[in-house]
Structures are given as structure tokens and as C-alpha cells.
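Protein chains in written order, with our numbering: chain X, 2 to 108; chain D, 18 to 254.
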């Protein structure tokens, strides 16, 4: 992003919206949300967001299908066994790196 | 021990965790064509993971500002829920300008630690708790951006999958325990894949695809699989 002015406009919108989402309910709220439906909706939002952000983009993450799939498989297995976020993230990268290096050697 | 110092202490493990995750954000920023100070400023002013990763995609593709606002709104909507819960936990020192100050640092982990305290929390405690995680988050981004400029391609591209690995580590354990959560995730994933591969609708840009997938999946989830009271309470606290 070369145009610094444009960058600052995006930054202001991004940071402004993110801040207001945090601040407005915290500043205004005195009571509990009454609607069970809204509460359930908010309960599911984080999982749905992360699912939509992860797929199908994870298969293109490294710019190379083979190393992305390797990272994906390792991440799934470790996440299934409930390893820490850091362990899963680093191991997925490690698997992708191994495949990247392997492919460089084969060429 | 003053409550500010107690907050600082409680923030150390959060800051260490952030250091590593934000490192990959810094690398990603360089990979998509931003420079180090842009990466650093994004982290310093936003202090959030998923929203930032989605946000840099929108900045780089120069999509609309409305799309940027909507994407941040939906992805970060959980903070509104956390803000509501935290407002019940804050003591009377957290009022007026302090409400606006403390809310800057409401993240998933800060929220979880604050809610884990016995009794109410003060503004001094909250400022202490927030300080180191914000430094860790923006400092890690800076280091990642610098490293991203010098690391070889094979390493840099491999690190780009780290954030997705982290997302999987967040969603898979609850999906194992609750078939409702699993179904909501699968709906969101299926929709997101449709927006990528199905002709015509794949012209919808990435930010809106995430918003629509999320809202539809979560709305269907709330409609079809109402959450048992105890479970939703645990998640909110």
C-alpha cells in the first residue's frame, strides 16, 4: 500500500468501528440482554466467523497447495487433541515448511 | 500490592501469547504488501486478531470503506457481548471517562482474565491488565514485520498458515463437545466455500462473504439449536 493517505482512511474506519463496538455497549449497558435469541446468536458468532475465515482460505495460505494441505492436516490433528493455540499454529507452519523445503530439494 | 500492579502481573501471560500470534500478523502484513509501520499501527489501534487479518485483505484490495466497517462490525461483534458482561463486573471506579478508556482493551483473553477475578474489578486493575497485552500485540507485530522482510520465502509462506492453525485450535475443541457448534461451523464453512467457488456469487468480495456466511450460520444456529442456559452463561463469562 503505497498511498499513505488512503491507508490512514482505512485505518481510521477499521480502528474506529472496532473501538466503538467495544466501547458503546460497555459505556451504555446497565442490564442484561433479554432476548434469548440474540444471546444465542452472539454465542454462535465467534465459531461461525472463524469457520468462514479459515475455509477455504487455509488451502491457499502458503501459496502452494501441497504445503497448505500438510499444514491443515497437522493443525486438525493437534487441535482435535486440544493442544494449545501456539503449539497448533507453529506445528502447522512447521509441516508447511517441511513440504516447501522438500519440494525445493526435488526440483 | 496495588491493583494496578496486580493487573500488570495478570497481563504477563496474555502478553506473551500475543507476542507470538501478532508476530505472524506482522509477517502476513509484509507478505500482502504493507510496510512495518502500517502493520504496527494497525495492531496498536485495533488490538484484535481475526478482524485485523480480514482488514488487511480489504485494505490491500482497496475494497469499499462500507465493507470494511461491516466486516469489523460482524467479526468483532463478540466484543459487544463481552462489554455487556464486563459492565456488570466493573466497580464504581470504572465510570465516565474510564469506561471509554478501559473498553479500548477488551479482548477475548483480557475479558476472560478480568471475569475470573473474585468480586468486582477497578479501573486501575483494568489499565494494568490491558497495558502489557497491548505492548505485546503491537511489539510482536513489529518484530514479525521486520522478520518478514528478511526471512526466506519458504519460511515466510509457511508461517502464513499459522493463523489458520490457531483458528482451528479455537473452533475444533468446542465442535467436538457440541454437535450444535459443529453444525453452525459447517454451515459457515459451506457458505464461505460457495462464495469462493460458485459462479456469479463468487464475485462477492471476501469481507461480505465472511459477514453473510457468519450471520446466516449464527442465525440458523440460534433458531435451530437454542443454547442451554448454563452453556451460554459459561461462554459469556
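Beta carbons are placed, not taken as given, at the ideal position from N, Cα and C, and that holds for glycine. In this text the structure is predicted, and so the values were computed from the model without any measurement.
Residue environment: residue 58/X is assigned as buried (16 or more neighbouring CB atoms within 10 Å of its CB, all protein chains considered). If you draw a straight line from the Cα of residue 36/X to the Cα of residue 83/X, it is about 33 angstroms long.
Distance from the CA of residue 175/D to the CA of residue 96/X, rounded to the nearest whole angstrom, comes to 8 angstroms.
The Cβ-Cβ distance between residue 193/D and residue 81/X falls below 8 angstroms.
By the neighbour-count criterion, in which 16 or more other beta carbons inside 10 Å mark a residue as buried, residue 13/X falls on the exposed side.
Identification of chain X residues near residue 103/D by a Cβ-Cβ cut-off of 7 angstroms yields 27, ordered along the chain. Per DSSP, reduced to three states, the secondary structure at residue 38/D is helical.
The shortest C-alpha to C-alpha distance from residue 85/X to any of 88/D, 179/D and 101/D is the one to 179/D. Between residue 183/D and residue 16/X, the CB-CB gap reaches or exceeds 8 angstroms. DSSP places residue 59/X in no alpha helix (DSSP H); its state is neither H nor E. Residue 24/D places its beta carbon 8 angstroms or farther from that of residue 99/D. In the three-state reduction of the DSSP assignment, residue 75/X falls in the helix class. For residue 38/X, the C-beta contacts it makes with chain D under 7 angstroms involve 239, in order along the chain. The Cβ-Cβ distance between residue 49/X and residue 67/D does not fall below 8 angstroms. Take residue 129/D, set aside five residues on each side of it, and no residue of its chain has a beta-carbon closer than 8 angstroms to its own.
Residue environment analysis places residue 104/X among the exposed positions, since fewer than 16 neighbouring C-beta atoms fall within 10 angstroms of its C-beta. Uninterrupted alpha helix (DSSP H) stretches at least 4 residues long and entirely within the stretch 155-187 of chain D occur at 170-176, given in chain order.
Under the three-state reduction of DSSP, residue 244/D is assigned to coil, being neither helix nor strand.
Residue contact check for residue 74/X against chain D: no CB pair falls below 8 angstroms. Using a CB distance cut-off of 8 angstroms, residue 116/D counts as an interface residue toward chain X.
Straight-line measurement puts the Cα of residue 20/D at about 38 angstroms from the Cα of residue 54/X.
Its chain contains no residue whose beta carbon lies nearer than 6 angstroms to that of residue 121/D once the 5 sequence neighbours on both sides are disregarded.
Taking each of 90/D, 116/D and 40/D in turn and checking the Cα distance to residue 164/D, the smallest one comes out for 40/D.
The three-state secondary structure of residue 138/D, taken from DSSP, is strand. Residue 235/D is bridged by DSSP to nothing; it lacks a bridge partner.
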